[in-house]
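A quick write-up on the structure given underneath.
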Amino acid sequence: MILVVVLMAFLTLSSYVLQAYTDSISAYKYVVSIYNKEQAYYIAQSAFELAKSILDRDDPSVDTLNDLWALPFEFNKDNVKVKITIYDENRFINLNNTKDSGYRKIYENLFRNLSINQSFLNRLYVWTGAQEGSIPINYPIKKRPLDSLYELKLLGFSDEDLYGKMLGNQFYPGLLSISTVFTDGKINVNTAPVPVLKALNPKIDDNLASKIVDYRKKNPFKSPNDLVLVQGFTFDMLYSISPYIDVKSSVFHIKVEVSVGDTNLQVDYIYNRNQKTVIYKEII
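Numbering (this note's numbering), first residue to last: 293 to 576.
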């Protein structure tokens with residue numbers, strides 16, 4: 293009987309000791325995680341300053357995919373990994389220029405090319421205050437420019453419209469990958485992807501857009517007028533899109549990814565080089 297009591301007491305004490313040990317390990321891991329997270333954030337801030345200095349020293353008159361800022365940067369030392377990715381927001385189409393008749397034509401081309409119902413353009417125009425009307429939603433209409441592309445979800449855009457979709461054997465990119473809310477509306481033809489180039493004018497098809505991309509790889513455009521040097525690009529096409537294009541960028545997206553041990557942190561900055569200010573920041 294005494295042996296049974298002693299055994300039960302031993303087992304009970306062992307469970308308490310094991311629980312205390314488990315709790316101490318969990319607390320230690322939590323403290324380490326918090327410390328690593330804080331360390332990762334300060335590293336991200338330093339990485340951002342490095343990226344910013346590269347942009348500030350770059351020639352602001354022309355921006356191309358051959359520039360130093362466009363190259364990925366990675367750093368590994370001990371248990372720390374850092375990756376910096378920079379891309380210009382001016383390669384995208386700004387969805388806030390809804391009152392501009394010329395930009396509306398670009399939107400129409402874009403939605404048609406992406407196989408998005410044109411009726412959603414009216415929702416965008418009403419939401420941003422470009423025109424009067426109603427939207428079948430259960431909350432007040434904003435009547436101001438978009439602050440985030442994710443507001444498009446409030447307007448009823450589907451995930452396929454936002455993230456991309458397959459129709460048959462063809463992939464149609466989503467709006468989130470080729471649009472922005474941060475620029476003045478000027479599109480950099482040195483960095484714009486094919487879907488953006490095609491949206492500028494209905495006469496720019498896949499073939500001509502690919503020619504533009506191939507040409508600028510070896511001969512970046514120093515002026516928007518240089519587009520006519522691309523075979524098939526006409527002066528009429530240049531005239532129609534000239535108010536909306538440029539060869540330089542002013543707003544850049546800086547993505548910093550940091551790993552410290554098992555702790556991962558990502559910080560995204562939207563940096564206006566002309567104003568030398570951060571206009572948006574998100575910690576993930």
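We put the CB at the ideal spot given by N, CA and C, even for glycine.
In the displayed model, P487 falls within a helix according to three-state DSSP. If you draw a straight line from the Cα of E330 to the Cα of F340, it is about 15 Å long.
When DSSP reads this structure, P465 sits in a beta bridge with G456.
Y536 is a Cβ neighbour of Y395, given a cutoff of 8 Å. In the structure shown, Y507 falls within a helical segment according to DSSP collapsed to helix, strand and coil. With a threshold of 16 other beta carbon atoms within 10 Å, K510 falls short and is exposed. Inter-residue distance for K373 and K547 is about 14 Å (C-alpha atoms, whole angstroms). Rounded to whole angstroms, the separation of the alpha carbons of S426 and D370 is 57 Å.
Per DSSP, reduced to three states, the secondary structure at E366 is strand. A direct Cα-Cα distance of roughly 8 Å separates S469 from L454.
Excluding the 5 residues flanking it on each side, Y333 has same chain C-beta neighbours closer than 7 Å at L557, in chain order.
Between F412 and L447, the C-beta spacing is below 8 Å. Sequence-distant partners of L402 (beyond 5 residues in either direction) whose C-beta falls short of 7 Å from its own C-beta, in its chain, are I385, A491. Between L357 and F544, the CB-CB gap reaches or exceeds 8 Å. Under a 10 Å Cβ-count criterion, D476 is classified as exposed, with fewer than 16 other Cβ atoms of the shown protein chains found around its own Cβ.
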